[in-house]
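Scroll down for the structure; my scribbles are underneath it.
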Ligand code: SF4
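Residue numbers (this note's numbering): 26 to 483.
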């Protein structure tokens with residue numbers, strides 16, 4: 026495991042912390058986040074969401090300009106909250122998401138919230154249920170991944186209460202697609218486990234209905250957030266996208282938690298089901314054993330013949346990259362380069378990375394604080410030869426320019442149709458991932474006339 030050897034970033038893998046907080050806020054019903062900063066801090070993030078999901082999401086900006094960037098802008102929060110509440114009568118939750126500029130100015134967001142709660146909300150909106158949350162996401166540290174983690178904790182911290190035990194588990198999915206949520210709900214249903222799926226993005230794949238709704242939002246309600254304090258336990262699928270909230274619930278309400286693994290591939294899905302069993306006492310049903318068998322059968326058709334020894338580079342969110350690397354190893358592939366796009370100090374202590382260090386028997390580089398130039402330069406210099414790249418659409422030109430097949434996975438994916446609809450988690454996700462990898466390799470064999478005849482006799 027290495028750190029990037031340059032200062033500066035060329036073609037970043039991630040965007041900044043406020044983007045993660047914005048992703049969490051669009052997962053909550055009747056919630057519109059106010060991004061306290063320049064308009065670009067929300068405009069470009071909304072654009073990414075719209076590109077990835079091909080849907081519109083509501084996010085607001087306090088819209089700083091030159092004067093406020095110098096003299097302070099807390100009055101812009103006050104105006105923004107008032108305008109938002111006037112314009113959207115259904116809004117109940119308003120997270121105030123700070124950015125690099127407002128953190129540098131030192132705007133006292135919590136102080137403004139207290140002022141609004143004792144003033145505007147009592148005077149003008151006394152008949153409305155309104156919750157304001159301060160989410161501090163300075164973008165000069167961390168990334169969209171840590172921003173997601175912070176925002177999940179702050180939402181849970183705001184609402185969680187202790188009432189009657191509800192026999193549910195909290196499931197914090199992390200930054201996943203609607204198709205993943207559907208797949209996770211399927212596994213929960215088969216296990217007969219009642220779960221509170223948090224920051225629930227299944228509805229981001231929204232129908233176009235006759236009345237013409239053009240805005241999407243997630244399915245997590247205030248009630249769901251309140252009841253996190255009454256759960257029998259919390260399962261966090263992605264260590265870096267939910268652990269802070271699980272730690273809070275454990276410390277504050279003595280709710281036990283299990284962190285990871287991301288259920289990508291067979292062994293990690295097995296682990297997830299075993300964790301559900303451990304937490305709830307429910308057995309793994311025959312239907313899932315059969316599903317597992319179907320997936321293993323599909324993988325067996327591909328592994329030895331097409332995947333063995335294929336060299337892969339993977340970039341994106343850390344839990345995704347690590348989960349995909351574990352799956353590639355199980356498929357006899359060689360993930361030779363893993364790029365983690367920020368410098369979280371916990372990566373070097375991650376047990377999964379330690380396991381790579383101890384067990385992997387080929388040359389594997391893991392770069393922290395990496396950018397896409399770390400990938401491009403190694404290809405251009407001839408330091409690595411790759412059979413496949415796995416990552417989001419920001420890497421597409423590296424793949425195109427260097428004639429390397431690429432499977433789009435992660436966020437954002439905007440140059441392939443409908444990928445947000447397909448799960449990569451669970452047994453169905455393992456099958457989809459492996460078959461897509463194979464299909465990408467097959468297309469490459471055909472275009473390059475590289476043993477394409479094999480497909481005739483397979
Ligand atoms: S880096 Fe700063 S200015 Fe740029 S989008 Fe992020 S918060 Fe806004």
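Each residue gets a CB set at the ideal place from its N, CA and C atoms; glycine is no exception.
- Inclusion of residue 43 in the 7 angstroms shell around ligand 1 follows from its C-beta lying nearer than that to a non-hydrogen atom of the ligand.
- Considering only 115, 327, 267 and 359, the residue with the shortest C-alpha distance to residue 388 is 359.
- Residue range 258-261 is occupied by the beta strand (DSSP E) that includes residue 261.
- With 16 or more other Cβ atoms inside 10 Å of its own Cβ, residue 457 counts as buried.
- Judged by their CB atoms, residue 59 and residue 87 are nearer to each other than the 8 angstroms cut-off.
- DSSP places residue 271 inside the alpha helix (DSSP H), whose first and last residues are 268-278.
- Within the chosen limit of 7 angstroms, ligand 1 reaches the beta carbon of residue 62 through at least one heavy atom.
- Contact between residue 110 and residue 118 does not hold, since the beta-carbon distance rounds to 11 angstroms and is not under 8 angstroms.
- Checking the DSSP bridge columns, you'll see residue 223 partnered with 197.
- Look at residue 117 here: in three-state DSSP terms it is coil, with no helix or strand label.
- Here residue 159 carries a strand assignment [DSSP, helix/strand/coil].
- Secondary structure of residue 129 (DSSP, three-state): helix.
- Closest in alpha carbon position to residue 266, among 207, 167 and 378, is 167.
- A Cβ-Cβ separation of about 32 angstroms leaves residue 220 out of contact with residue 327 under the 8 angstroms criterion.
- The beta carbon of residue 213 is closer than 7 angstroms to those of 220 in its chain, skipping five residues each way along the sequence.
- Remark: the C-beta of residue 65 is in contact range of ligand 1, defined as less than 7 angstroms to any heavy atom.
- For residue 463, the closest alpha carbon among the candidates 222, 415 and 307 is that of 415.
- Scanning its chain for C-beta atoms nearer than 8 angstroms, with the 5 sequence neighbours on each side dropped, one finds around residue 320 the residues 291, 452, 453, 455 and 456, in chain order.
- Closer than 7 angstroms to some heavy atom of ligand 1: that does not describe the Cβ of residue 93.
- As the crow flies, the alpha-carbon of residue 150 is around 60 angstroms from that of residue 384.
- At a Cβ-Cβ threshold of 8 angstroms, residue 270 and residue 197 count as neighbours.
- Distances taken from the Cβ of residue 161 to the heavy atoms of ligand 1 include none shorter than 7 angstroms.
- A contact is defined here as three or more CB-CB pairs under 8 angstroms, and the segment 258-265 meets this definition with respect to the segment 330-349.
- Under the DSSP definition of a beta bridge, residue 37 partners with 396.
- In the structure shown, the three-state DSSP call for residue 209 is helix.
- Looking only at 159, 413 and 325, the smallest Cα-Cα distance to residue 428 is reached by 413.
- Three or more pairs of CB atoms, one per stretch, sit closer than 8 angstroms, so the segment 174-182 contacts the segment 269-287.
- Judged by the Cβ position, residue 34 fails to qualify as a neighbour of ligand 1 at the 7 angstroms threshold, every heavy atom of the ligand being at least this far.
- Within the segment 372-442, the complete alpha helix (DSSP H) segments at least 4 residues long are 376-384, 397-405 and 421-426, listed from N- to C-terminus.
- The C-beta of residue 306 has fewer than 16 other C-beta atoms within 10 Å across all chains shown, which makes the residue exposed.
- When the beta-carbon positions are compared, residue 102 and residue 61 come within less than 8 angstroms of each other.
- For residue 341, there is no enclosing alpha helix (DSSP H); the enclosing beta strand (DSSP E) covers residues 336-341.
- Nearest neighbour of residue 252 by Cα position, chosen from 311, 45, 208 and 186, turns out to be 186.
- Using a 10 angstroms sphere on the CB of residue 422, the tally of other CB atoms stays under 16, which defines it as exposed.
- Secondary structure in the segment 68-107: no beta strand (DSSP E) run of 3 residues or longer lies completely within the stretch.
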